[in-house]
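>
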Amino acid sequence: MKLTIAPLSTPLSITAAAQQAIIAADRLFIQTEQHPSAYWLKDSGIEYGSMDDLYESCYDFDELNAAIAQRLLEGDTDTVYAPVGRGVGSALLEAIRTRADETGAKLSILSASGYAEAALCAA
Numbered sequence: 001m002k003l004t005i006a007p008l009s010t011p012l013s014i015t016a017a018a019q020q021a022i023i024a025a026d027r028l029f030i031q032t033e034q035h036p037s038a039y040w041l042k043d044s045g046i047e048y049g050s051m052d053d054l055y056e057s058c059y060d061f062d063e064l065n066a067a068i069a070q071r072l073l074e075g076d077t078d079t080v081y082a083p084v085g086r087g088v089g090s091a092l093l094e095a096i097r098t099r100a101d102e103t104g105a106k107l108s109i110l111s112a113s114g115y116a117e118a119a120l121c122a123a
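Start counting the sequence shown at 1; every next residue gets the next number (the working numbering).
1) Of all the beta strand (DSSP E) runs that stay within the bounds of the segment 49-84, which reach a length of 3 or more residues?
2) Tell me which same chain residues have a C-beta within less than 6 Å of the C-beta of Ala-69, skipping the five on either side of it?
3) For Ile-5, report the span of its beta strand (DSSP E) as first-last.
4) Just how far apart, CA to CA, sit Ala-66 and Leu-73?
5) At the level of alpha carbons, what is the spacing between Met-125 and Pro-83?
6) Roughly how many angstroms lie between the CA atoms of Thr-79 and Gln-34, to the nearest whole one?
And the structure:
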């Protein structure tokens with residue numbers, strides 16, 4: 001099993017590599033549907049799951065990070081995770097790496113630009 005983290009970046013600035021990974025995904029999860037960076041997925045008819053239910057049900061970020069890592073690394077299907085901005089935070093990345101090691105999954109992280117970079121370019 002392979003997990004690819006393909007950041008959605010900011011609206012209209014997703015990298016070609018991330019967009020290709022998302023479009024070709026066997027199984028796709030996004031961080032949240034409640035963000036402008038995710039709207040193109042709905043408009044394109046791409047099927048995905050989101051982590052919105054986990055954000056609502058988890059008590060704290062430790063529980064949330066563990067639940068996201070668990071969901072992403074369930075089963076044998078290659079999976080793409082598309083967080084908003086330029087990627088996942090260090091605590092979530094640690095939870096994902098730990099779970100990947102436990103399951104023997106391969107982890108690939110694509111680069112992206114985030115809001116700070118977009119703001120600097122617009123200034």
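Glycine included, every Cβ here is placed at the ideal spot set by N, Cα and C.
In short:
1) 79-82
2) Along the sequence shown, one-based indexing puts residue 69 at 69. Excluding sequence neighbours, Ala-69 sits near Ala-95, Ile-96, Arg-99.
3) For this step, residue 5 is matched to residue 5 along the sequence shown. Per DSSP, Ile-5 belongs to the beta strand (DSSP E) from 2-5.
4) As a working note, residue 66 is residue 66 in the sequence shown. As a working note, residue 73 is residue 73 in the sequence shown. If you take the alpha carbons of Ala-66 and Leu-73, they lie about 11 Å apart.
5) This structure does not reach residue 125, given that the chain is present from 1 up to 123, and the question cannot be answered.
6) The residue you call residue 79 lines up with position 79 of the sequence shown. The residue you call residue 34 lines up with position 34 of the sequence shown. For Thr-79 and Gln-34, the distance between alpha carbons rounds to 21 Å.
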